[in-house]
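Participant: The listed protein sequences derive, respectively, from chains A and B. Here the first sequence is numbered in the working numbering, starting from 1 and rising by one per residue. Here the second sequence is numbered in the working numbering, starting from 1 and rising by one per residue.
Number of protein chains: 2
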Amino acid sequence: MARDPREGPGVTVGAVSTDGAAAPAHVSPGGRPVTLADVARAAGTSASTASRALSGRGYVSPPVRDRLLAAAERLGYVPNASARTLKQRTSRVVGVVVSDLGNQFYALLASGVEQVLRGAGYQMLLLGDNSESAEELAAARTFVAMRAPGVIMTPVGREATALLSRQGVAVVEVDRRLADVPCDAVVTDNERGAEEATAHLLAEGHRRIGLLVVDTDWTSDLGRLQGYRAAHAEAGVAVDEQLIVRIGFHAPDAEERIDALLDHGAPTALFAANNLLAEQAWNVLRRRGIELPGELSLVAFDDVPWMAMVEPGITVVRQPTVEIGRRAARLLLRRADDPSCPTVVDCLEPMLIVRGSTAPPASL
Amino acid sequence: MARDPREGPGVTVGAVSTDGAAAPAHVSPGGRPVTLADVARAAGTSASTASRALSGRGYVSPPVRDRLLAAAERLGYVPNASARTLKQRTSRVVGVVVSDLGNQFYALLASGVEQVLRGAGYQMLLLGDNSESAEELAAARTFVAMRAPGVIMTPVGREATALLSRQGVAVVEVDRRLADVPCDAVVTDNERGAEEATAHLLAEGHRRIGLLVVDTDWTSDLGRLQGYRAAHAEAGVAVDEQLIVRIGFHAPDAEERIDALLDHGAPTALFAANNLLAEQAWNVLRRRGIELPGELSLVAFDDVPWMAMVEPGITVVRQPTVEIGRRAARLLLRRADDPSCPTVVDCLEPMLIVRGSTAPPASL
DNA sequence: GGCCGGGATGCAATCGTTGTCACAGAGAGG
DNA sequence: CCTCTCTGTGACAACGATTGCATCCCGGCC
Numbered sequence: 001m002a003r004d005p006r007e008g009p010g011v012t013v014g015a016v017s018t019d020g021a022a023a024p025a026h027v028s029p030g031g032r033p034v035t036l037a038d039v040a041r042a043a044g045t046s047a048s049t050a051s052r053a054l055s056g057r058g059y060v061s062p063p064v065r066d067r068l069l070a071a072a073e074r075l076g077y078v079p080n081a082s083a084r085t086l087k088q089r090t091s092r093v094v095g096v097v098v099s100d101l102g103n104q105f106y107a108l109l110a111s112g113v114e115q116v117l118r119g120a121g122y123q124m125l126l127l128g129d130n131s132e133s134a135e136e137l138a139a140a141r142t143f144v145a146m147r148a149p150g151v152i153m154t155p156v157g158r159e160a161t162a163l164l165s166r167q168g169v170a171v172v173e174v175d176r177r178l179a180d181v182p183c184d185a186v187v188t189d190n191e192r193g194a195e196e197a198t199a200h201l202l203a204e205g206h207r208r209i210g211l212l213v214v215d216t217d218w219t220s221d222l223g224r225l226q227g228y229r230a231a232h233a234e235a236g237v238a239v240d241e242q243l244i245v246r247i248g249f250h251a252p253d254a255e256e257r258i259d260a261l262l263d264h265g266a267p268t269a270l271f272a273a274n275n276l277l278a279e280q281a282w283n284v285l286r287r288r289g290i291e292l293p294g295e296l297s298l299v300a301f302d303d304v305p306w307m308a309m310v311e312p313g314i315t316v317v318r319q320p321t322v323e324i325g326r327r328a329a330r331l332l333l334r335r336a337d338d339p340s341c342p343t344v345v346d347c348l349e350p351m352l353i354v355r356g357s358t359a360p361p362a363s364l
Numbered sequence: 001m002a003r004d005p006r007e008g009p010g011v012t013v014g015a016v017s018t019d020g021a022a023a024p025a026h027v028s029p030g031g032r033p034v035t036l037a038d039v040a041r042a043a044g045t046s047a048s049t050a051s052r053a054l055s056g057r058g059y060v061s062p063p064v065r066d067r068l069l070a071a072a073e074r075l076g077y078v079p080n081a082s083a084r085t086l087k088q089r090t091s092r093v094v095g096v097v098v099s100d101l102g103n104q105f106y107a108l109l110a111s112g113v114e115q116v117l118r119g120a121g122y123q124m125l126l127l128g129d130n131s132e133s134a135e136e137l138a139a140a141r142t143f144v145a146m147r148a149p150g151v152i153m154t155p156v157g158r159e160a161t162a163l164l165s166r167q168g169v170a171v172v173e174v175d176r177r178l179a180d181v182p183c184d185a186v187v188t189d190n191e192r193g194a195e196e197a198t199a200h201l202l203a204e205g206h207r208r209i210g211l212l213v214v215d216t217d218w219t220s221d222l223g224r225l226q227g228y229r230a231a232h233a234e235a236g237v238a239v240d241e242q243l244i245v246r247i248g249f250h251a252p253d254a255e256e257r258i259d260a261l262l263d264h265g266a267p268t269a270l271f272a273a274n275n276l277l278a279e280q281a282w283n284v285l286r287r288r289g290i291e292l293p294g295e296l297s298l299v300a301f302d303d304v305p306w307m308a309m310v311e312p313g314i315t316v317v318r319q320p321t322v323e324i325g326r327r328a329a330r331l332l333l334r335r336a337d338d339p340s341c342p343t344v345v346d347c348l349e350p351m352l353i354v355r356g357s358t359a360p361p362a363s364l
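#1: Quick one: give me the first and last residue of the beta strand (DSSP E) that A/L298 is part of.
#2: Is it right to say B/S55 is buried, meaning 16 or more other beta carbons lie within 10 angstroms of its own, or is it exposed?
#3: Please go through the stretch 323-354 of chain A and give each complete alpha helix (DSSP H) segment of 4 or more residues, from N-terminal end onward.
#4: Taking the Cβ atom as the reference point for each residue, do B/R355 and B/I314 lie within a distance shorter than 8 Å?
#5: Determine whether the Cβ of A/A194 lies closer than 8 Å to any Cβ atom of chain B.
#6: Using only CA atoms, which one of A/D38, A/R89, A/L127, A/D217 lies nearest to A/Y77?
#7: Apart from the five residues just before and just after B/D129, which ones in its own chain have a Cβ nearer than 7 Å to its Cβ?
#8: Throw me the rounded Cβ distance for the B/L276 and B/V245 pair, which I believe falls under 8 Å.
#9: Per DSSP, what kind of secondary structure is B/S357 in: helix, strand or coil?
#10: If we count the other Cβ atoms within 10 Å of its Cβ and call it buried at 16 or more, is A/H264 buried or exposed?
#11: Which word fits B/D221, buried or exposed, when buried means at least 16 other C-beta atoms lie within 10 angstroms of its C-beta?
#12: Give me, in chain order, the residues of the same chain whose beta-carbon lies closer than 7 Å to that of A/T45; leave out the 5 immediate sequence neighbours on both sides.
#13: Answer yes or no: does any C-beta atom of chain B fall closer than 8 Å to that of A/W306?
#14: Run through DSSP, which three-state label would A/L212 get?
#15: Are the C-beta of A/Q123 and some C-beta of chain B separated by less than 8 Å?
#16: Of all the options A/L86, A/V113, A/A107, which has the alpha carbon lying nearest to the alpha carbon of A/G95?
#17: CB-CB under 6 Å to B/L125, same chain, minus the five flanking residues each way: which ones, in chain order?
#18: Determine the direct distance from the alpha carbon of A/L270 to that of A/G205, and round the result to whole angstroms.
#19: Where B/G294 and A/S111 are concerned, what is the direct C-alpha to C-alpha distance, given to the nearest angstrom?
#20: Starting from B/G128, find everything on chain A with Cβ-Cβ shorter than 7 Å and list it in chain order.
#21: Out of curiosity, what's the CA-to-CA distance linking A/A197 and A/N190?
#22: Under 8 Å, Cβ to Cβ, is there at least one residue of chain B near A/E311?
#23: Using a Cβ-Cβ cut-off of 6 Å (strictly less than) and excluding sequence neighbours within five positions of B/Q376, which residues of its own chain qualify?
#24: Who are B/V93's beta bridge partners in DSSP?
#25: Return helix, strand or coil for B/V116, following the three-state DSSP convention.
#26: What runs of the beta strand (DSSP E), each 3 residues or longer, lie entirely inside the stretch 155-197 of chain B?
#27: Determine, using beta carbons only, whether A/N275 comes closer than 8 Å to chain B.
#28: What distance in whole Å lies between the Cβ atoms of A/L352 and A/H200, which are believed to be in contact at a cut-off of 8 Å?
#29: Would B/A109 and B/G325 qualify as a contact pair, given that the criterion is a beta-carbon distance under 8 Å?
#30: Between A/M146 and chain B, is any beta-carbon pair separated by less than 8 Å?
#31: Taking the C-alpha atoms as reference points, what is the distance between B/R288 and B/G227?
#32: Should B/G325 be flagged as near chain A, meaning a C-beta pair shorter than 8 Å?
#33: Check whether chain B comes within 8 Å of A/N80, counting only Cβ atoms and requiring the distance to be less than that.
#34: Short check: CB of B/A148 to CB of B/L333, under 8 Å?
#35: By the three-class DSSP mapping on this structure, what secondary structure does A/L292 have?
#36: For B/L101, which three-state DSSP category applies?
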């Protein structure tokens, strides 16, 4: 019934590609791409005039301009971006670095960025580091090499931002802040979101709330941890440090750690500080046959579609993910326009969405 | 309890960015980025020699090379990609165009592509069209402008591929084939996958299977439709054309159409031809309180995480999504290496994964 | 009629890197 | 001792678009 797709080499249909005899107009006779000079020649002008006509700056008389536009169209002229970037010393390609393309949070972030950039006539060059600062640094180097006007990133290490700033590339950090140098940022009010989520559980009567959080020095997770503590303090409940589980990125033992928490921590609720940890926690709970919310409550940070689809739905702190991306792009454009404008940290408010995964603890 | 994140303008923390007094070594005195000439000067050689030393081709004596490498390192030299691309007439940036970044299928595809490209020293420039051929065409133009060695795309229209081929940019189509011109492609065996899924339902005893499919001329959906028909033919079951629902991309009435099918088509099972349609179908079923698989069976094409998480899990035809991306990248690299190599269409086998959403029809 | 002003265009330099070519020196062989 | 190689290096010309500056032409005005 099921075949493993990795085994077969795939059916391969070979067919020799043939070069059509009819030479397309879009490549000059020699097979060389059409250049501005070709267009100028076709219209009987100089390259300078052609440049002015096509870029729209400087004087060109209407008849000549029309001739040039027509020629460009007819020849299928596409300006060489490298030549332009080289001359102008800056490109229209903004870099974006995210931790993991497969994670919907980052994908949505990127799509928000792209929306705004596209509208402003910029392109987005998207690179993924795997939460590895070496790869992040490589990405940064690429952007410097391309003379990107700016880079938007979910920072992993401090070096990349430092490198970019040194080279005069504007940086906007999103989701978390890490840079030593002053730089624009767009983040969620993590502390407040986590505080609300935790307060919600406390209000339900939970006193032993397990916290699953990423083991980093990122402001995102630190903020969520702080919110967790703040809510406890507010409610006058002491935090049992044993309930706080720090889990590395690609930690292969993530589920074991969660198991251990359930075995030895006696939590009546779990707060997963991001969508990945929530997924892992959810899997563990299902595997163990633990019923939500009867036996245990679960709250997550960062809403993704499956949380509303499973039964019961997962109570979650939603971030305005796409909007974060949009704002980051706007901030970047602003700085590209005026490099000396004041640094801005834009902090968006999250929203607690109560679904069915939370209820008073079973013991009550 | 819940605040709308769209309302608040966000907390804004202003701080004037200051230029540090200590000039970093990575920018030459004038604030200009470090060029090859700067490195050469620092090492007391000519630019040509510096180029040879850093790029590794051509004669350079070991001592001189070491001096140059050290100087480059010390100055924080980053080669100007535009200048290099201009001179070499080709870049190391491969274009990728997908329909929708927010759809995990495309995100995974992209991550597969990136894996391979990164390994080969290429970058990926990811652009999204919104299944709009105008945006796709704009993306293609961008890639031509950047002198990309190739482009990998999930095609929407025929013009983009045509433009790229004319301009001598290699194209690999993924997920579906559309081009008039010969071009490499990596696709799933849609017909076989759909046939298996449909056969599974028929074997369970279903005779009225609703098909939800995208309303396009894409080979992906046409293949799935064909597989659906083939399975029926094989089983000697006539297809009621009323059971086939063609739904446009961003069709706002998708759920209504599904409702209509349920109201008037009397299906005992549903086959959703992609993950998005599956999600919509699933939502409709939940809204109507229809129990899976008791009252109705559901099969999907293209496995995504939520399908394994909901209860019951969704029976699905899984595509090797990441592998499709990887192969597409390899095909592209192969062609970049040898533009005249034979055109290849790589067809990967999908895999039917039976979960709990399928059972014999209630009437049996 | 000569001069002036400004509209419209072309010339040439430039961006930073690569690669071709010529050339300088050193060692070897006649 | 003088060529003849061969190694290693530098000068220079591209790549294609942009842009400051010079130029040219025309009408109008004194």
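Idealized CB from N, CA, C, for every residue including glycine.
Facilitator: Taking the structure as given:
#1: 297-301
#2: exposed
#3: none
#4: yes
#5: no
#6: A/D38
#7: V97, S99, E135, E136, A139, V156
#8: With a Cβ gap of about 14 Å, B/L276 and B/V245 do not count as contacting.
#9: coil
#10: exposed
#11: buried
#12: V64, L68
#13: yes
#14: strand
#15: yes
#16: Comparing Cα positions, the closest option is A/V113.
#17: V93, G95
#18: 13 Å
#19: 39 Å
#20: S111, E114
#21: 11 Å
#22: The Cβ of A/E311 sits closer than 8 Å to at least one Cβ of chain B.
#23: Since the first residue shown for chain B is 1 and the last is 364, residue 376 of chain B is missing from the structure and cannot be characterised.
#24: B/Q123
#25: Look at B/V116 here: in three-state DSSP terms it is helix.
#26: 170-174, 184-188
#27: no
#28: 6 Å
#29: Per the sequence presented here, residue 109 of chain B reads as Leu, with Ala not at that position. Here B/L109 is near B/G325, since their CB atoms are less than 8 Å apart.
#30: Residue contact check for A/M146 against chain B: a CB pair falls below 8 Å.
#31: Rounded to whole angstroms, B/R288 to B/G227 spans 29 Å at the Cα level.
#32: no
#33: It does; some Cβ of chain B falls within 8 Å.
#34: no
#35: coil
#36: In the structure shown, B/L101 sits in coil (DSSP, three-state: anything other than H, G, I, E or B).
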